[in-house]
Amino acid sequence: MGAWKKWIVGEWNWMRPIKSLAFIYLCLLVVACGFSNRILFQPPQARYTEQMTGIQLIERSEGKQVAVYHHPAKPDKPTLLWSHGNAEDIGYLQERLSDFRARGYGILAYDYPGYGLSEGSPNEDSCQDACRAAWQHLTDDLGVRREQVIIYGQSVGSGPSVWLAEQEPCAGLMLVSPFVSAFRAVTRVPLFPGDRFKNIQRIEHIRTPLLVVHGDRDQVIKPWHGKKLHELHPGPKTFVEIEGVGHNDLYLLATDEVLGALDQFWKDVKTP
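With our numbering applied, the sequence shown corresponds to residues 692 to 963, in that order.
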């Protein structure tokens with residue numbers, strides 16, 4: 692028995708805990724670098740077809756198609772350039788978007804590569820490319836003025852939204868349940884190379900007015916993420932923490948609160 696124990700466990704020495712920690716770190720590093728896109732992006736089965744009202748297929752820089760959904764805004768309201776969460780597509784969003792449409796807000800929602808009818812595979816670069824294509828379609832093809840666009844990003848959608856807002860002036864940036872970076876939603880502190888969507892590094896360069904909405908019971912992306920982005924943003928900014936809601940039930944329980952925050956934000960943007 693002693694021989695088996697020695698073979699399995701080995702003899703104790705001061706290097707053993709260091710080697711064990713190094714082995715665990717290397718295993719986690721392999722998962723983080725090799726499987727992060729599969730964890731970060733979880734495309735559902737497409738919940739819409741090209742025949743759905745408002746759907747159009749446009750091209751991104753790689754020549755692949757991106758599915759977009761457009762609903763025009765009322766004259767006194769902005770259009771939201773909508774980057775959705777990691778397990779949603781345009782079809783899934785329709786019930787949620789109906790509440791925004793009822794308030795007069797315009798919508799330009801797009802699907803990440805590999806989602807819905809959008810071609811390709813989702814990763815940081817391809818999602819940013821799709822976001823850029825949606826922006827150009829909205830401002831160039833549809834003729835919506837930049838000062839009438841609010842860039843909206845929820846959860847993983849905060850990544851391409853912050854990336855775009857760093858480059859393009861617009862009316863405002865609205866982040867719902869955002870993270871400071873993708874890996875730090877799990878590790879809290881930076882542990883691994885190759886992190887995705889480093890919002891924490893970009894937010895300091897954005898002067899666009901910012902609205903952050905976060906549920907105080909969010910266990911997927913904890914509220915400190917939203918608070919940190921709000922803290923680091925140098926321009927006009929608002930943080931709204933909604934009590935009693937988490938990550939996946941925010942719109943189920945607090946749609947009115949989110950819309951109320953957006954209404955006030957748009958009022959402040961128009962009359963700074």
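Idealized CB from N, CA, C, for every residue including glycine.
Report buried or exposed for residue i, applying the criterion of at least 16 other Cβ atoms within 10 angstroms of its Cβ.
i: D886; result: buried
i: D832; result: exposed
i: L953; result: buried
i: E815; result: buried
i: Q819; result: buried
i: L941; result: buried
i: I798; result: buried
i: S752; result: exposed
i: G754; result: exposed
i: L943; result: exposed
Near residue i, what residues of its chain come up, given a Cβ to Cβ distance below 8 Å and the 5 sequence neighbours on each side ignored?
i: R837; result: T830, E859, P860, C861, A862
i: Q827; result: none
i: Q756; result: L748, I749, E750, L808, S809, E810
i: D959; result: P900, P927, T929
i: P914; result: H905, G906, D907, E932
Could you give the first and the last residue of the continuous beta strand (DSSP E) run that contains residue i?
i: T929; result: 928-933
i: Q858; result: Note, Q858: premise wrong, no beta strand (DSSP E); alpha helix (DSSP H) at 849-858.
i: V960; result: No beta strand (DSSP E) contains V960, which is instead part of the alpha helix (DSSP H) from 941-961.
i: G797; result: 797-801
DSSP has residue i in a bridge; who is on the other side?
i: V904; result: V867, V931
i: I842; result: L772, L864
i: E750; result: Q756
i: H761; result: L799
Going by beta-carbon coordinates alone, are residue i and residue j separated by less than 8 Å?
i: V658; j: R908; result: Beyond the ends of the chain as shown, which are 692 and 963, falls residue 658; an answer cannot be given.
i: S868; j: I897; result: no
i: V946; j: D767; result: Before going on, a small fix: residue 946 reads as Thr here, not Val. The answer is no: Cβ separation not under 8 Å.
i: L772; j: A824; result: no
i: G844; j: V853; result: yes
i: L950; j: R794; result: yes
i: Q910; j: H938; result: yes
i: S846; j: N890; result: no
i: P735; j: Y783; result: yes
i: P769; j: V840; result: yes
Return the chain-ordered list of same chain residues with a C-beta closer than 6 Å to the C-beta of residue i, the five sequence neighbours on each side being excluded.
i: G807; result: A737, A758, D780, I781
i: L864; result: I842, A856, T899, L901
i: Y760; result: G745, I746, I781, A800
i: S817; result: P804, G811
i: A876; result: F870, I912
i: P813; result: F732, Y803, P804, G805
i: G906; result: I933, V936, G937, L941
i: A873; result: L731, R887, F888
i: R792; result: H762
Return the first residue and the last residue of the alpha helix (DSSP H) that residue i is part of.
i: I912; result: No alpha helix (DSSP H) holds I912; DSSP gives it neither H nor E.
i: N890; result: 890-893
i: G782; result: 781-793
i: A821; result: 815-827
Within a Cβ cutoff of 7 Å, which residues of the same chain sit near residue i, ignoring the five residues on either side of it in sequence?
i: I894; result: V853, L920, L923, H924
i: V904; result: V867, V931, I933, V949, A952
i: K765; result: G795
i: G776; result: Q845, S846, V847, G848
i: A778; result: Q733, P735
i: K918; result: F930
i: A821; result: R751, V757, Y801, Y803, P804, S809
Consider the Cβ of residue i: report whether some Cβ of chain C lies at a distance smaller than 8 Å.
i: L944; result: No chain C appears in this structure, which consists of one protein chain only.
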